[in-house]
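These notes concern the structure reproduced below.
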Amino acid sequence: LIQAIRRNYSVWTITLVVIPQHLLVILTGFEAYVLSVINLGEYLQQRRLGKLIFSAELITHALCAFGIYLGRFQRFNSWDLVAQPNSLAKGMIHDLTSKGPLLVMAVTFVVLTIFYWMMKQITLGIMIRMRHQRSGSAASG
206 LIQAIRRNYS VWTITLVVIP QHLLVILTGF EAYVLSVINL GEYLQQRRLG
256 KLIFSAELIT HALCAFGIYL GRFQRFNSWD LVAQPNSLAK GMIHDLTSKG
306 PLLVMAVTFV VLTIFYWMMK QITLGIMIRM RHQRSGSAAS G
């Protein structure tokens, strides 16, 4: 998006093409996250661990908030676990004992949790509607 603005694309191109494209990719990625966490809940339900679903969702959001902070602000990547484990460990300890990073992680956690809850409701509603349509068409056909 920033590159498109710097390249002097017209306001209309940015508004009608670039921004919607970025929003679509972001929403698609977040929906994949939502579906993954819903599937985790179904897995726990199958294992008769349904009472742990809410806790598992919150722990997942917290770990993702921490990972987002490490990736976005500290610029760590997944291979740093192998390539720079000492640097990563020191950075994590520092971040978990400082107020600023904890605030960023807390805000990220809240945003993830709220957006997850909203998207989960929409996703489950669509899934229920699709099941209802399939069972209705099977019964009438």
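Quick note on the working numbering: the sequence shown kicks off at 206 and runs consecutively.
Virtual Cβ for every residue (Gly too), placed ideally from N, Cα, C.
Treat the numbers as computed from the prediction; the structure is a model and nothing was measured.
Please state whether the Cβ-Cβ distance between residue i and residue j is less than 8 Å.
i	j	result
Y274	M310	yes
L286	T265	no
E236	M323	no
T328	I258	no
F314	A267	yes
G255	Q279	no
If we count the other Cβ atoms within 10 Å of its Cβ and call it buried at 16 or more, is residue i buried or exposed?
i	result
Y355	What the structure shows of the chain is the stretch from 206 to 346, and residue 355 is not part of that stretch, so it cannot be assessed.
A270	buried
L317	buried
V239	buried
P306	buried
I need the boundaries of the alpha helix (DSSP H) containing residue i, first residue and last residue.
i	result
R277	I258 to R277
Y214	No alpha helix (DSSP H) holds Y214; DSSP gives it neither H nor E.
G255	G255 -> no alpha helix (DSSP H), and no H or E assigned at all.
N282	Premise fails: N282 is in no alpha helix (DSSP H) and is neither H nor E.
L293	P290 to L301
Expressed to the nearest angstrom, what Euclidean distance is found between the alpha-carbon atoms of residue i and residue j?
i	j	result
V222	I210	12 Å
A294	K304	18 Å
Q250	W217	48 Å
Q338	E247	22 Å
N213	H227	18 Å
T302	G272	16 Å
V230	M335	24 Å
N291	V312	27 Å
R277	L263	21 Å
Q289	S241	29 Å
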